[in-house]
Structures are given as structure tokens and as C-alpha cells.
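First the structure, in the form of C-alpha cells, and then the observations on it.
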Amino acid sequence: MDIRRLRYFLQVAEFGSLNATAEQVNLSQPSLSRQIRLLEEELGVSLFTRRRDGMVLSRDGLELRTRIMGPLRQLEMVLDEIKSHSSQIGGTVVLGMPSSAIDALASPLARRARAFPNMAVHIVEGSAGQMLKSLERGEIDIALLNAPPSDAKWRCATEELFVEELVLAGPANSGLSADRPVSVAELAQLPLVLPSPPNHPPPIRELVDILSGLTGGNCNFPLYADSFQLTKSYVEAGIGYSIFPYSAVLHEQEKGVLAYAPVSGHRLARHMVLGTYPGGQYPRALERVKEMIKAEIVELAEAHPSHVQLLF
Numbered sequence: 001m002d003i004r005r006l007r008y009f010l011q012v013a014e015f016g017s018l019n020a021t022a023e024q025v026n027l028s029q030p031s032l033s034r035q036i037r038l039l040e041e042e043l044g045v046s047l048f049t050r051r052r053d054g055m056v057l058s059r060d061g062l063e064l065r066t067r068i069m070g071p072l073r074q075l076e077m078v079l080d081e082i083k084s085h086s087s088q089i090g091g092t093v094v095l096g097m098p099s100s101a102i103d104a105l106a107s108p109l110a111r112r113a114r115a116f117p118n119m120a121v122h123i124v125e126g127s128a129g130q131m132l133k134s135l136e137r138g139e140i141d142i143a144l145l146n147a148p149p150s151d152a153k154w155r156c157a158t159e160e161l162f163v164e165e166l167v168l169a170g171p172a173n174s175g176l177s178a179d180r181p182v183s184v185a186e187l188a189q190l191p192l193v194l195p196s197p198p199n200h201p202p203p204i205r206e207l208v209d210i211l212s213g214l215t216g217g218n219c220n221f222p223l224y225a226d227s228f229q230l231t232k233s234y235v236e237a238g239i240g241y242s243i244f245p246y247s248a249v250l251h252e253q254e255k256g257v258l259a260y261a262p263v264s265g266h267r268l269a270r271h272m273v274l275g276t277y278p279g280g281q282y283p284r285a286l287e288r289v290k291e292m293i294k295a296e297i298v299e300l301a302e303a304h305p306s307h308v309q310l311l312f
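Residue numbers (full-length UniProt numbering): 1 to 312.
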């Protein structure tokens with residue numbers, strides 16, 4: 001089996017077009033078409049349905065993509081690592097990160113990675129559920145995740161990272177202040193914009209239960225928003241308030257577009273872990289990315305010790 005054909009197959013599946021993929025991989029369209037045809041002949045199945053508007057995966061194509069993405073990614077990492085033995089640390093590490101951590105960690109990590117010219121860090125933004133599935137399939141190498149419930153059975157390896165305070169965020173003119181905590185009883189009277197119930201992380205689920213008890217089930221949730229950026233835009237527009245990780249509102253607070261306040265009466269915090277693909281052995285590039293993540297979190301905790309607590 002030619003590994004290049006498998007790579008071409010995945011790229012055609014991604015772009016949905018032979019022409020677009022041919023430009024990407026620097027092949028002629030007939031040559032690429034031949035490579036896909038040879039792969040189909042070798043497997044004895046049709047991998048795509050050819051249409052006027054592009055290439056659509058068949059049922060067998062969907063199954064092949066699901067089964068090879070993780071193993072092929074791991075094989076490429078091993079090859080990158082072997083190549084890097086002769087010189088510097090090299091290879092590409094795919095890092096999954098929740099939207100709520102992008103502002104605080106993405107750019108600093110990218111700056112650190114520039115010290116290793118043969119190594120690339122590809123940051124993928126997504127929900128915890130999406131990242132966990134991608135980790136378990138081997139599509140990404142490492143991810144920041146909410147700590148699993150004690151009875152959860154994850155197939156990825158995890159390392160403790162930190163616990164971070166969650167704060168109440170409101171529009172700039174809301175009167176919220178970091179020096180004046182808001183009680184849970186006051187919180188129950190505010191219009192809150194939260195994720196829809198199936199997407200509640202554990203601390204939000206606990207808070208909603210408390211608020212429901214205080215209000216007799218009449219909580220004021222004017223809108224649900226499952227996108228972190230959408231939630232922020234609603235808060236900035238004065239549509240409601242929301243609960244964010246402390247580090248996720250620092251930039252907006254400094255710019256004067258959001259205000260925040262601690263919540264008293266019930267400690268709200270998120271517990272973060274580092275999840276890695278359960279392959280057993282990781283190349284040096286992956287270990288270096290883990291070191292960079294921890295170094296950034298140490299700096300965050302040292303700068304804001306009352307809000308971020310290290311667990312390593």
C-alpha cells in the first residue's frame with residue numbers, strides 16, 4: 001500500500017475536488033485522478049461518488065477515512081521524529097484547545113514554538129467533546145480538556161494541569177468590578193447567557209442547579225449560546241451576562257469592552273487536564289509542546305495566583 005495514495009485520498013476527501021487537491025499537492029489533475037483510481041482498484045471498492053460539483057465520499061470511503069486518519073497521523077509523526085534525530089527537534093504537533101483558552105494561550109505558544117524552526121504547532125479550536133473524539137481517533141495529538149468525571153472512562157492519557165476561577169462577565173457599563181464579588185442570590189436575578197443544557201460543563205451544571213433552587217426553577221436565561229465567541233458578543237452587546245474563565249476575559253476587560261466580578265457563596269472553577277493520544281510513545285516534538293504548555297500555565301498562575309492554581 002502506497003502511503004502517498006492514502007494522503008492524497010484524505011486530501012481529496014477534505015477538499016471535495018480533484019482540481020483543488022491537485023493544486024495543493026502540486027500534481028496534475030490526471031495524475032491525481034490516477035492515484036485515486038489505483039487505490040480504489042487495490043481495495044476493490046469505490047471510495048468516491050463523482051459529481052459535477054465535486055467528489056463525495058462513498059460509504060466505504062467514509063469508513064476508510066475514519067479508520068486511517070489516526071494511524072496515518074501517528075506514522076507521519078514517527079517519520080518526522082526519525083528525520084529529526086540528525087538535527088533539531090522536528091515535526092508537526094496538532095494541539096486541540098477550547099475557545100475559552102485561545103486568547104490566553106494560543107499566541108504565547110505560537111511564539112515559543114518559533115524557537116524550533118523544524119517544529120510546527122498546529123492549533124485546532126473546538127469543543128471538549130469534539131477534541132476528545134479527535135484525540136481518541138488519533139486525529140489530534142494533544143488537547144486541553146475539562147477534567148473527566150470520576151466515573152468517566154477515557155481512552156486518552158491525561159495529566160493534571162490547573163484549576164481556574166470562573167467569574168461573572170457583563171458589558172462594560174454593567175458596573176461589575178473585580179473588587180466587588182456578586183453573590184449567588186444576586187446572580188439568580190441576572191439574565192444569563194449560557195450553553196444549552198446538553199453542553200453544560202460540570203461547574204455550569206452545578207450553578208444552574210443552585211440557581212434553579214433559589215428561583216423555584218424560574219432562572220432567567222434569555223438566550224442559549226454554544227459558541228464561546230457568540231456568548232462574548234451577546235455579553236458585549238448588553239443582552240445578558242455569562243460565566244467565563246478568568247483568563248478568558250482579561251483582554252476584553254483591559255480593552256474596556258467587558259467587565260467582570262468574582263462570584264461569592266459558591267466557588268466556580270474549571271479543572272483542566274492535558275490529554276494525549278494513547279499511542280504509548282510520543283516524539284520529542286510532542287514532549288516539547290507539553291513543556292511549552294506547562295511553562296505558559298506557570299506564567300499565568302504566577303501572574304494571577306489568586307485565580308489560577310497549578311496542579312503539577
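The beta carbon of each residue, even a glycine, is placed where N, CA and C say it ideally should be.
My understanding is that residue i touches residue j, with C-beta atoms under 8 Å, so please give their C-beta distance in whole angstroms.
{"i": "Tyr241", "j": "Ala152", "result": "About 30 Å separates the two Cβ atoms, so there is no contact after all."}
{"i": "Leu207", "j": "Val235", "result": "Going by Cβ atoms, the distance from Leu207 to Val235 rounds to 16 Å, so no, they are not a contact pair."}
{"i": "Ala261", "j": "Arg205", "result": "21 Å between Cβ atoms; not a contact."}
{"i": "residue 338", "j": "Leu6", "result": "The requested residue 338 is not part of the displayed model; the chain covers only 1 to 312."}
{"i": "Ala269", "j": "Leu166", "result": "6 Å"}
{"i": "Val184", "j": "Asp141", "result": "Not quite, the Cβ-Cβ distance comes to about 39 Å (not below 8 Å), so this is no contact."}
{"i": "Phe116", "j": "Arg267", "result": "39 Å between Cβ atoms; not a contact."}
{"i": "Ser99", "j": "Gln253", "result": "Between Gln253 and Ser99 the Cβ distance is about 17 Å, and since that is not below 8 Å, they are no contact."}
{"i": "Val182", "j": "Ser264", "result": "7 Å"}
I need the boundaries of the beta strand (DSSP E) containing residue i, first residue and last residue.
{"i": "Val273", "result": "Ala269 to Thr276"}
{"i": "Gly129", "result": "Here Gly129 belongs to no beta strand (DSSP E); instead the alpha helix (DSSP H) covers Ala128 to Arg137."}
{"i": "Val93", "result": "Gly91 to Met97"}
{"i": "Ile142", "result": "Ile142 to Asn146"}
{"i": "Pro171", "result": "Ala157 to Pro171"}
{"i": "Ala259", "result": "Leu258 to Ala261"}
{"i": "Leu57", "result": "Gly54 to Leu57"}
{"i": "Arg50", "result": "Phe48 to Arg51"}
Using C-beta distances below 7 Å, list every residue in its chain close to residue i, excluding the 5 sequence neighbours before and after it, in chain order.
{"i": "Glu160", "result": "Val273, Leu311 and Phe312"}
{"i": "Tyr224", "result": "Leu194, Pro195 and Ser196"}
{"i": "Gly238", "result": "Pro171"}
{"i": "Ala110", "result": "Val121"}
{"i": "Met55", "result": "Val12, Gly16, Ser17, Leu18 and Phe48"}
{"i": "Ile293", "result": "Leu109 and Leu274"}
{"i": "Pro203", "result": "Leu166, Leu268, Ala269 and Arg270"}
{"i": "Ile102", "result": "Glu125"}
Could you pull the start and end residues of the alpha helix (DSSP H) that residue i belongs to?
{"i": "Val124", "result": "No alpha helix (DSSP H) holds Val124; the beta strand (DSSP E) holding it covers Met119 to Glu125."}
{"i": "Gln189", "result": "Here Gln189 belongs to no alpha helix (DSSP H), and DSSP marks it neither H nor E."}
{"i": "Val298", "result": "Arg284 to Ala303"}
{"i": "Leu311", "result": "No alpha helix (DSSP H) holds Leu311; DSSP gives it neither H nor E."}
{"i": "Arg112", "result": "Ser107 to Ala113"}
Within a Cβ cutoff of 6 Å, which residues of the same chain sit near residue i, ignoring the five residues on either side of it in sequence?
{"i": "Thr158", "result": "Val273 and Gly275"}
{"i": "Glu76", "result": "none"}
{"i": "His271", "result": "Ala147 and Val163"}
{"i": "Ala143", "result": "Gly96, Met131, Leu135 and Gly275"}
{"i": "Asn199", "result": "Asp226"}
{"i": "Ala178", "result": "none"}
{"i": "Leu286", "result": "Val93 and Asp141"}
{"i": "Pro201", "result": "Asn146"}
{"i": "Arg112", "result": "Met292"}
{"i": "Leu64", "result": "none"}
{"i": "Phe244", "result": "Ala169"}
Residues in the same chain with beta-carbon distance under 8 Å from residue i, minus the five sequence neighbours each way, listed in chain order, please.
{"i": "Ile36", "result": "Arg5, Tyr8, Phe9, Val12, Leu18, Leu47 and Phe48"}
{"i": "Ala22", "result": "Ser28, Gln29, Ser31 and Leu32"}
{"i": "Gly175", "result": "Ala259"}
{"i": "Tyr246", "result": "Glu164, Glu165, Leu166, Val167, Tyr260, His304, His307 and Val308"}
Kindly provide the ranges of any beta strand (DSSP E) runs that are 3 or more residues long and lie completely inside the segment 205-253, ordered along the chain. 242-245
Stretch pair the segment 179-199 + the segment 211-229: three plus CB contacts closer than 8 Å: yes
Let me know the beta strand (DSSP E) ranges lying completely inside the segment 7-32, each 3 residues or longer, listed in chain order. none
Quick test of the definition: if touching needs 3 or more C-beta pairs under 8 Å, does the segment 88-106 touch the segment 123-142? yes
Just checking, does the segment 290-306 make contact with the segment 220-228 on the three C-beta pairs under 8 Å criterion? no
Determine contact between the segment 66-76 and the segment 21-31, defined as no fewer than three beta-carbon pairs at a distance below 8 Å. no
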